[in-house]
Each structure stands twice: as structure tokens, then as C-alpha cells.
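One rule links them: number in the numbering used here = place in the sequence shown (from 1) + 1122. Even for Gly, the Cβ is constructed at its ideal location relative to N, Cα and C. To start, the structure itself, in C-alpha cells.
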Amino acid sequence: MTVKVGVVLPRPQGDPGEWLSEAVAFEAAGADALWVEHGAKPVLDPLTLAAALAAVTYRSMLVVAVVRDCDEHALETVERLSRGRLVLITGPGESTAEGGRWVPVAVPSGRAAWRETLRQAGERGDHGVLVPADPRLLDLLRNPDDPGGRHDLQLAQG
């Protein structure tokens, strides 16, 4: 069984456009799911953020925590925008989506640690791992087998 990768997107603090750009980058790198970080009294509405994600992404599952008295009409709208990729959870303690358990893990320190994290999750039977959005994770997703000779990062010098 292949362990899926979910990226926990922190709530946007500044320009939501930057937040959306980061989400698109993680999806392009291969993230299986984008989780909108939830918590007490978010500044921006999580369901509206999920709608924005649905508009700029095409493949990743979109996971959002909603309150029980959420507007059904709004939910139906986001469901259509996401083309069936929307998964609702009921709160911060829930870590099941798409029929399996998603386990929070720290951002790995390197490729070997990342492979070990995924191996251990697979052995436990976890459906996926939830990793905080981080530039190191983005690099690991984009270049999972890179031995370290990052020629794409070298600058031309003259």
C-alpha cells in the first residue's frame, strides 16, 4: 500500500494569493491532499478557503473542518467546485479522511528520514501522513530520489 501525503496548509496570515500559490506548488509536487489548517475562530472562513483551493487545483483531495451548523448551500457549491475532491471533517481532533487514518508527522530532516517516515506509516497501515507545509517538504516531494547533486539549484557564475 502506498502511503499518501497530506500537506497541512497554515491559515493565511497575509495575502491569500500567496497561500494559494503555495498550495498549487504542493499539488504540482505530488501532494495527495491539501488540509486547510483549522482551529478556534479562524480569521478567514475555512470553507471559503476550500472553495478558492478548488478553483486553483485539480487533483488533490481538499480536506476542511466545518462546524455543524454550516450552510448546506455553501457546502454544495464547494463540492461542485472541487469536482468531488472535498472531504469534510468535524474538528481538529479528527484525522480520518477518504476512508483511512492520516497520522501527523514532523517535517523530515532529509530524504532518508522521509523514506523512513513513509515506511513506518505503511507498516502501521496508515492511509496517509499529514505534514506541515514547509519548503523542505516541497523539495522532498519534487525530488524524492535526488542524491544531493542539485544542479538545478546551482547558479551560473561568470
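Next item on the list: Please name the residue, chosen from 1201, 1149 and 1138, that lies closest to residue 1262 on a Cα-to-Cα basis.
Entry: 1149
Check: Anyone know if the C-beta pair for residue 1176 and residue 1204 falls short of 8 Å?
Finding: yes
Note to self: I want to know whether the segment 1228-1247 touches the segment 1128-1140 - three or more CB-CB distances under 8 Å.
What the structure shows: Touching, no.
Check: Which value, in whole angstroms, describes the spacing of the CA atoms of residue 1140 and residue 1206?
Finding: The C-alpha of residue 1140 lies about 25 Å from the C-alpha of residue 1206.
Next item on the list: Report the rounded CA-to-CA distance for residue 1160 versus residue 1254, giving the unit in angstroms.
Entry: If you take the alpha carbons of residue 1160 and residue 1254, they lie about 13 Å apart.
Notebook entry, point to check: CA-CA distance, residue 1132 and residue 1173?
Noted result: 16 Å
Check: Rounded to a whole number of angstroms, what is the C-alpha to C-alpha distance between residue 1194 and residue 1209?
Finding: Residue 1194 and residue 1209: Cα-Cα distance of roughly 14 Å.
Check: Exposed or buried, residue 1267, counting other C-beta atoms within 10 Å across all chains shown (16 or more means buried)?
Finding: exposed
Next item on the list: Would you tell me roughly how many angstroms separate the C-alpha atoms of residue 1226 and residue 1260, rounded to the nearest one?
Entry: Separation of residue 1226 and residue 1260 (C-alpha to C-alpha, rounded to the nearest whole angstrom) is 17 Å.
Item checked: Check whether residue 1154 and residue 1222 have beta carbons under 8 Å apart -> In this structure, residue 1222 does not lie closer than 8 Å to residue 1154 by Cβ.
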